[in-house]
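Notes for the one structure printed next.
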Amino acid sequence: AAASVAGMDARLELETTRWLLWDKNPLTLELVKRLIAEGNTEELQKCFGARMEFGTAGLRAAMGAGISRMNDLTIIQTTQGFCRYLEKQFSDLKQRGIVISFDARAHPSSGGSSRRFARLAATTFISRGIPVHLFNDITPTPFVPYAVSHLKLCAGIMITASHNPKQDNGYKVYWDNGAQIISPHDKGISQAIEENLEPWPQAWDDSFIDGSPLLHNPSASVSKDYFEDLTKYCFHRSVNRESQVKFVHTSVHGVGHDFVQSAFKAFDLVPPEAVAEQKDPDPEFPTVKYPNPEEGKGVLTLSFALAEKTKAKIVLANDPDADRLAVAEKQNRGEWRVFSGNELGALLGWWLFTSWKEKNQDRNGLKDAYMLSSTVSSKILRAIALKEGFHFEETLTGFKWMGNRAKQLIDQGKTVLFAFEEAIGYMCCPFVLDKDGVSAAVISAELASFLASKNLSLSQQLKAIYVEYGYHITKASYFICHDQDIIKKLFENLRNCDGKNNYPKTCGKFEISSIRDLTTGYDDSQPDKKAVLPTSKSSQMITFTFVNGGVATMRTSGTEPKIKYYAELCAPPGKSDPEQLKKELNELVNAIEVHFFQPQKYNLQPKAE
């Protein structure tokens, strides 16, 4: 059938022919048959043009038919490759096994859903005699890395697309150290997928796993142990019991509701009021344009309305897979302040250090205490570390780097107090080596309750942190660009702005003092001009340091068609005018947009406000 479409090249013909042979999902199979019958090569090219790339973030793509989408067959193929790769890496895989969980995403028109994908993945492993701990219901993403570490498993899979649009899904992979995979595992898995494309005999028969002695449901025990471990980070139980602070929580149609309610109970806090319209999982995300609390006030409209009604001062918002957290606080003049990821990072970092220090009076412990953040996040933790005497390290962008580094430090007997990234991701408890929006929510609530007992708000405490450790003012945004060639050209032109392979020396009126390019490995602030952090040719990332103390990074996103930028101005502790700093930062950001992004020239779409 496939061969009869005019204008179809040999590779496309091969891919569609295989699909007709291998796909046993009636919905996606029919869809492909229909496209072939209609001779719709354009749509076939979209579905079969290129296989989804398996990277360190695993897979993320739209659900639908074809090798470029998330569907039953591509899940089976991916899992077969991952399974084979694990068999090579772990001689005790059949003793230890793996864990699999999923969020609430579903795509009725292609028959795909996170739950279905999780079951098919479990089927693949069990057919090879490998034990699988498959959660019987939705969980937050951090429950997978927690289970890997806690149950000493070889790997974990989470089926989720986090806060992406509703048509997307993803396949996120954790290694036996409890952190997300880093290179070269992605390459090894990718190769193994290509070598195991044809579904194995039992691949489609997920009913046989139900009676299997290899299938375990860890839901109750893992949940119980998680909340027990979490209580070690409850520092003021008596304050919590008396607290009058009211909270509103939204799980934005995702998985967070039950888990955040349980976390509050574990801390003896009165559970937050849930936004009724958003508390139950709904793969349609009907009340929001984007199910991403990072997008700010639009996602929080219903939360603010409920807070006004219940007289709550603080809103806590998780993204749909509950690994991120946004916090907003009602200000004295009645308006709501949504804290940026950097501001909440400052508050949580200060809080976890202060609470740890109270329990560990011995100054010697400081030399083994660490905090981490990613290189595009605020340097506020560095300022706190310098003054207080613990260690601060920065890593590449993404929690995979912080999780893996945290594990190395823990294995060396160090204490990791906190790690965060500006994209509202926080690791407050190192028993999860990834961002965790459940623990971050309840720890933020305890912090707010504690401050309230001293008649302080989160905003006042944030200001006190900046006064003590120096103001750190940040601004981040992005442009949308769907054309990889244009993105490449933009960055290549920055590397060769004068036709002689030189980087720019100024940006408008702002003079540049140093440049670090983590795509090429160049860093002119180092004696040998070589960057200290690992480099990656597959993604674009350049950091400019300015004479006025500003730092700005431009980078491409691994999971979205965005070119992002992050800018920060740091002032030393003591007297400084935050309004003046904000003004200067805004001028710097405008200069970067005009001179470095050149949105008109490259036809970039700005972030929709």
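Residue 1 is where the sequence shown starts when you use UniProt numbering, and the numbers rise one by one after that. From the three backbone atoms N, C-alpha and C, an ideal C-beta is built for every residue, glycine too.
Please name the residue in Val260, Gly55 and His472 whose C-alpha comes closest to that of Val398. Rather than Val, the amino acid found at residue 398 in this sequence is Gly. Checked all of Val260, Gly55 and His472; the closest Cα to Gly398 is Gly55.
Take Glu568 as the anchor and find which of Tyr290, Val442 and Gly549 has the nearest alpha-carbon. Among Tyr290, Val442 and Gly549, the Cα nearest to that of Glu568 is on Gly549.
Around the C-beta of Ala10, are 16 or more other C-beta atoms found within 10 angstroms, so that it is buried, or is it exposed? exposed
Measuring CB to CB, does Phe135 end up less than 8 Å from Ser219? yes
6 Å CB neighbourhood of Ser114 in its chain, flanking five on each side removed: Phe102, Asp103, Arg105 and Ile159
Spatially closest choice to His249 from Ala305, Leu344, Asp23 and Asn196, by CA coordinates: Ala305
Proximity winner among Pro573, Asp282, Lys232 and Arg237, relative to Lys380 (alpha-carbon distances): Looking at the sequence itself, residue 380 is Ile, so the reference to Lys does not match. Cα-wise, what sits closest to Ile380 is Pro573.
Can you tell me whether DSSP reads Met8 as helix, strand or coil? coil
Please classify Gln600 as buried or exposed, where buried requires at least 16 other C-beta atoms within 10 Å of its C-beta. Answer is exposed; the Cβ neighbour count stays below 16.
For the region 47 to 63 against the region 130 to 149, are there 3 or more C-beta pairs whose distance is under 8 Å? With contact defined as three or more Cβ pairs closer than 8 Å, the region 47 to 63 and the region 130 to 149 are not in contact.
Are there 16 or more other CB atoms within 10 angstroms of the CB of Asn240, so buried, or fewer, so exposed? buried
On the DSSP bridge list, what partners appear for Thr507? Sequence check: residue 507 is Cys here, not Thr. Within the DSSP secondary-structure output, Cys507 pairs in a beta bridge with Phe510.
Which runs of the beta strand (DSSP E) at least 3 residues long sit entirely within the region 324 to 381? Give them in chain order. 325 to 330, 336 to 338 and 369 to 374
Delimiting residues of the beta strand (DSSP E) encompassing Leu569: Lys562 to Cys570
Hey, quick one: how far does the beta strand (DSSP E) through Leu59 stretch, first residue to last? Leu59 to Ala62
Starting from Gln122 and walking both ways along the alpha helix (DSSP H), at which residues does that stretch end? The sequence shown places Ala at residue 122, rather than the Gln named in the question. That run of the alpha helix (DSSP H) goes Ser114 to Ile126.
Taking the alpha-carbon positions, what's the Trp351 to Glu242 distance? 20 Å
Minimum length 3: unbroken beta strand (DSSP E) runs contained in the region 474 to 539: 510 to 517
Where the beta strand (DSSP E) through Thr395 begins and ends: His391 to Thr395
Proximity below 8 Å, CB of Gln331 to CB of Leu302: no
Can you tell me whether DSSP reads Leu214 as helix, strand or coil? coil
Sequence ranges, alpha helix (DSSP H) only - wholly within the region 212 to 284, length at least 4: 219 to 230, 237 to 242, 257 to 266 and 276 to 279
Reduced DSSP category for His150 - H, G, I as helix; E, B as strand; rest coil: Here His150 sits in helix by DSSP.
At the level of alpha carbons, what is the spacing between Ala37 and Leu12? Spanning the two alpha carbons is a distance of roughly 15 Å.
7 Å Cβ shell around Thr78 - same chain, five flanking residues per side excluded: So the qualifying residues of the chain are Phe54, Leu59, Tyr171 and Ile193.
Could you spell out the range, first to last residue, of the beta strand (DSSP E) harbouring Phe102? Ile98 to Phe102
Residue closest to Ser477, alpha-carbon to alpha-carbon, out of Tyr466, Gln605 and Ser68: Gln605
Does the Cβ of Asp411 have 16 or more other Cβ atoms within 10 Å, making it buried, or fewer, making it exposed? exposed
Identify the residues that DSSP records as bridge partners of Gly81: which are they? Answer by DSSP bridge pairing: none, since Gly81 is not bridged.
With 16 as the cutoff for other CB atoms within 10 Å, does Phe544 come out buried or exposed? buried
May I ask you to list the residues that DSSP assigns as paired with Pro606? Phe479
Inside the region 16 to 81 only - alpha helix (DSSP H) runs reaching at least 4 residues: 26 to 38 and 41 to 48
Integer-rounded CB distance, given that Met8 should sit under 8 Å from Leu35: 11 Å between Cβ atoms; not a contact.
Pair within 8 Å by beta-carbon distance, Ser373 and Glu388: no
When we look at the beta-carbon of Asp483 and count the other beta-carbons within 10 Å, is it buried (16 or more) or exposed? Counting C-beta atoms within 10 angstroms of its own C-beta, Asp483 has fewer than 16 neighbours from the protein chains shown and is therefore classed as exposed.
On a CA-only basis, which of Lys232, Val442, Asn360 and Lys289 is nearest Gly256? Give me that one, please. Val442
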